[in-house]
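-11 is the number of the first residue of the sequence shown in the working numbering; add one for each residue after it. In this text, a Cβ means the ideal position worked out from N, Cα and C, and glycines have one as well.
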Amino acid sequence: MTRTIDDVETFSPPITPTVSPQAIAEAWFQRFETALSTRAVADAAALFAARSFWRDLVAFTWNITTVEDPAGVEDLLAANLDRVAASGFAVSEPPAQDDGVVSAWFTFDTSVGRGRGLVRLREEDGEFKAWTFLTTLFELTGYEEPRGDLRPRGAQHGADRGRVTWAERREREQAELGTTVQPYVLVIGGGQGGIALGARLRQLGVPALVIDAHDRPGDQWRGRYKSLALHDPVWYDHLPYLKFPDNWPVFAPKDKIADWLEFYTRVMEVPYWSRTTAISASYDDEAREWMVHVERDGEPLLLRPTQLVFATGMSGKPNVPVYPGRDVFRGDQHHSSRHPGPDAYRGRKAVVIGSNNSAFDICGALWEADADVTMVQRSSTHIVKSDTLMDIGLGDLYSERALRAGVTTEKADLIFASLPYRIMHEFQIPLYQRMAERDREFYERLEHAGFRLDWGDDGSGLFLKYLRRGSGYYIDVGAAELVADGSVALAHGDVDHLTEDAVVLRDGTVLPADLVVYATGYGSMNGWVADIVSPEVADTVGKVWGLGSDTTKDPGPWEGEQRNMWKPTQQEGLWFHGGNLHQSRHYSLYLALQLKARYEGIPTPVYRLAEVHHTC
């Protein structure tokens, strides 16, 4: 039966702005928990501001979703409150107050697990109400990870003639997996995303297998052009459980990252098959499992997992344009993902089609090798200098400065996650205005050279471009200076055709070339589903990535979360995992918990399963 808050004798009086942040937060949670315990859904929703956001990562919804305003809160609670039985809300550290907003970390329990979150309260109509509210599940009760006091013993003390050593157990496990023992989860893709998820699932005791076509973990990085390095800083890039050492480079070179991934896979005991390619997959509706045909070291094998995860990278399949004349061009041509590096092109003419991260990196490396390089810019690009981004964009969350202020990587992840996508641009725009002013002379020189700059459709810069479309930007680590001073030539427009020895643009410009690099980006991850499963299933799932912001390359309607990422899709048993190292680390936890719950038979009714709006 639904009761109103007036029925509750313990109801607190309205909060006034004269009390301490601690008292404000504790009073709000007392009212919120009282409303939940009495099923007073409307009164719980009334504790949220007229313009407010509740982002839930699995804890209440078995989904990754955001609801807006009191009406959205009421809908979420009406659908989930009885099942979730949330209780025990407690402020976990002294709240802060800044510019009238009280921010409070908190913990809570549900019927199946333990959660943590972050709330921001601000005054409205004489009392403090929730403006942003983040809830996350971090642990399933009874299925806790073996860490801390629960860590395994490792050695078995005593004398035992039947002793099985750690190495023998590992050998038997590796021999049985995929043959006599089927994985519950099969992860296609063994880059940082697949490895991070594999580590999470192993710690949770979920039988899982990660497969990848390369020879060794990390080869996804080893095989790229030799100048490649991470553009994100080390504090942003840790993997789960095992952080980079304190003396790790701020921007790690590709081969160092590759070696770390291989090391991590081994020491975290991630079940990993290299030299294994997924050929085809289909879902058996009656058995509720997948039939996945793979080739391992050239030998065919059938796997029958219950859950199938595509961890093939958020960028999806390479977009390789088919220009007239490609078949007659006598030089080398390849997509940027296949670029071997500059060494073979010393003194030769190179045309790089594109003007984003990979294009700049490759142009810079080719110039260093004394190639004659031309960049073809087809549309405007957002550029931000790396040092400026690290200071203004990331410094408060991911840096030594942040660590000294008590902002750990885990806390930074939750702070970032607590900002609803609907209003994230409001926080980002002022930051990028500061960046534009700091590096004003740099941008003036680029524009004087003819480079077409933008700051995103609404001036919100790099992060929103990444979240909305995953393209259209460059974190400048030096190559932009080569365009600004003319060391790398700049051309504009679309390609019309290729000749035997040149790229011809639509305006008739002829660019002599011995090498053409297509730095033309990637398609949606569901392109891999179309190839391996079927085009019909890819269409059923729809586009992967983007928010539905109705900005360039991110058509609406509004989704409010990354489409189809780390959460259930319209195809039963099919999941997507990927993104940068930060996202691979953070969201692998929530995906792993969803998979663990299904493995253990815990009911997982999904609230607001994502709809399919388009497949482009």
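Going by DSSP, name the residue or residues bridged to residue i.
{"i": "residue 281", "result": "268 and 290"}
{"i": "residue 75", "result": "97"}
{"i": "residue 241", "result": "217"}
{"i": "residue 105", "result": "94 and 123"}
{"i": "residue 306", "result": "510"}
{"i": "residue 500", "result": "490"}
{"i": "residue 362", "result": "339 and 477"}
{"i": "residue 542", "result": "539"}
{"i": "residue 596", "result": "Paired residue(s): none; residue 596 is not in a bridge."}
{"i": "residue 42", "result": "55 and 121"}
{"i": "residue 111", "result": "116"}
{"i": "residue 373", "result": "464"}
{"i": "residue 199", "result": "176 and 261"}
{"i": "residue 89", "result": "86 and 110"}
Can you tell me the Cα-Cα spacing of residue i and residue j, whole angstroms?
{"i": "residue 5", "j": "residue 379", "result": "Reliability fails at residue 5, whose pLDDT of 47 lies under 50, so the model's placement of it is uncertain and no value is given."}
{"i": "residue 329", "j": "residue 141", "result": "47 angstroms"}
{"i": "residue 224", "j": "residue 407", "result": "17 angstroms"}
{"i": "residue 69", "j": "residue 267", "result": "43 angstroms"}
{"i": "residue 659", "j": "residue 548", "result": "Since the first residue shown for the chain is -11 and the last is 604, residue 659 is missing from the structure and cannot be characterised."}
{"i": "residue 23", "j": "residue 32", "result": "5 angstroms"}
{"i": "residue 586", "j": "residue 171", "result": "14 angstroms"}
{"i": "residue 333", "j": "residue 326", "result": "15 angstroms"}
{"i": "residue 536", "j": "residue 542", "result": "5 angstroms"}
{"i": "residue 56", "j": "residue 127", "result": "26 angstroms"}
{"i": "residue 80", "j": "residue 460", "result": "40 angstroms"}
{"i": "residue 568", "j": "residue 484", "result": "34 angstroms"}
{"i": "residue 481", "j": "residue 347", "result": "15 angstroms"}
{"i": "residue 136", "j": "residue 248", "result": "24 angstroms"}
{"i": "residue 305", "j": "residue 35", "result": "45 angstroms"}
{"i": "residue 264", "j": "residue 573", "result": "24 angstroms"}
{"i": "residue 441", "j": "residue 417", "result": "16 angstroms"}
{"i": "residue 2", "j": "residue 118", "result": "Here the model assigns residue 2 a pLDDT of 49, short of 50, so the residue's position is not dependable and the matter cannot be decided."}
{"i": "residue 357", "j": "residue 476", "result": "12 angstroms"}
{"i": "residue 472", "j": "residue 343", "result": "13 angstroms"}
{"i": "residue 562", "j": "residue 151", "result": "40 angstroms"}
Between residue i and chain C, is there a C-beta pair that is closer than 8 angstroms?
{"i": "residue 113", "result": "Absent here is chain C; the protein component of the structure consists of one chain."}
I think residue i touches residue j, with their Cβ atoms under 8 angstroms apart; what is that distance to the nearest whole Å?
{"i": "residue 101", "j": "residue 129", "result": "5 angstroms"}
{"i": "residue 245", "j": "residue 374", "result": "At roughly 17 angstroms, the Cβ-Cβ gap does not stay under 8 angstroms, so residue 245 and residue 374 are not in contact."}
{"i": "residue 94", "j": "residue 73", "result": "Not really, about 17 angstroms apart at Cβ, beyond 8 angstroms."}
{"i": "residue 10", "j": "residue 83", "result": "6 angstroms"}
{"i": "residue 42", "j": "residue 121", "result": "4 angstroms"}
{"i": "residue 324", "j": "residue 350", "result": "6 angstroms"}
{"i": "residue 277", "j": "residue 206", "result": "That pair is no contact at about 31 angstroms."}
{"i": "residue 194", "j": "residue 258", "result": "Contact doesn't hold; Cβ gap of about 12 angstroms is too wide."}
{"i": "residue 299", "j": "residue 182", "result": "4 angstroms"}
{"i": "residue 279", "j": "residue 272", "result": "6 angstroms"}
{"i": "residue 438", "j": "residue 478", "result": "5 angstroms"}
{"i": "residue 71", "j": "residue 25", "result": "In fact, because the Cβ distance is near 14 angstroms, the residues do not count as touching under 8 angstroms."}
{"i": "residue 178", "j": "residue 200", "result": "3 angstroms"}
{"i": "residue 109", "j": "residue 89", "result": "7 angstroms"}
{"i": "residue 14", "j": "residue 75", "result": "Residue 14 to residue 75, Cβ: 15 angstroms. No contact."}
Let's see if you can read the secondary structure: which residues bound the beta strand (DSSP E) around residue i?
{"i": "residue 563", "result": "562 to 564"}
{"i": "residue 420", "result": "Premise fails: residue 420 lies in the alpha helix (DSSP H), 409 to 426, not in any beta strand (DSSP E)."}
{"i": "residue 491", "result": "490 to 493"}
{"i": "residue 486", "result": "483 to 486"}
{"i": "residue 54", "result": "52 to 56"}
{"i": "residue 450", "result": "It is not in any beta strand (DSSP E) - residue 450 instead sits in the alpha helix (DSSP H) that spans 450 to 456."}
{"i": "residue 230", "result": "Looking at the DSSP string, residue 230 is not in any beta strand (DSSP E), and its letter there is neither H nor E."}
{"i": "residue 176", "result": "173 to 176"}
{"i": "residue 297", "result": "295 to 298"}
Locate the alpha helix (DSSP H) running through residue i, then write down its first and last residues.
{"i": "residue 162", "result": "154 to 164"}
{"i": "residue 29", "result": "29 to 33"}
{"i": "residue 20", "result": "9 to 25"}
{"i": "residue 575", "result": "569 to 587"}
{"i": "residue 184", "result": "180 to 191"}
{"i": "residue 320", "result": "Residue 320 -> not in any alpha helix (DSSP H); beta strand (DSSP E) instead, spanning 320 to 323."}
{"i": "residue 391", "result": "388 to 392"}
{"i": "residue 86", "result": "Residue 86 -> not in any alpha helix (DSSP H); beta strand (DSSP E) instead, spanning 84 to 86."}
{"i": "residue 207", "result": "207 to 210"}
{"i": "residue 350", "result": "345 to 356"}
{"i": "residue 379", "result": "Here residue 379 belongs to no alpha helix (DSSP H), and DSSP marks it neither H nor E."}
Do the stretch 539 to 559 and the stretch 154 to 163 meet, that is, are 3 or more Cβ pairs less than 8 angstroms apart?
no
Can you confirm whether the stretch 526 to 537 touches the stretch 358 to 367 when touching is taken to mean that 3 or more C-beta pairs between the two stretches lie within less than 8 angstroms?
no
Using 8 angstroms as the threshold, is the stretch 225 to 239 in touch with the stretch 178 to 190, meaning 3 or more CB pairs across them?
yes
Using 8 angstroms as the cut-off, can you tell me whether the stretch 497 to 509 makes contact with the stretch 316 to 323, which would need three or more C-beta pairs spanning the two stretches below that distance?
yes
Counting pairs of beta carbons, one from the stretch 394 to 403 and one from the stretch 443 to 454, are three or more of them closer than 8 angstroms?
no
At least 3 beta-carbon pairs within less than 8 angstroms: the stretch 507 to 517 vs the stretch 286 to 295
no
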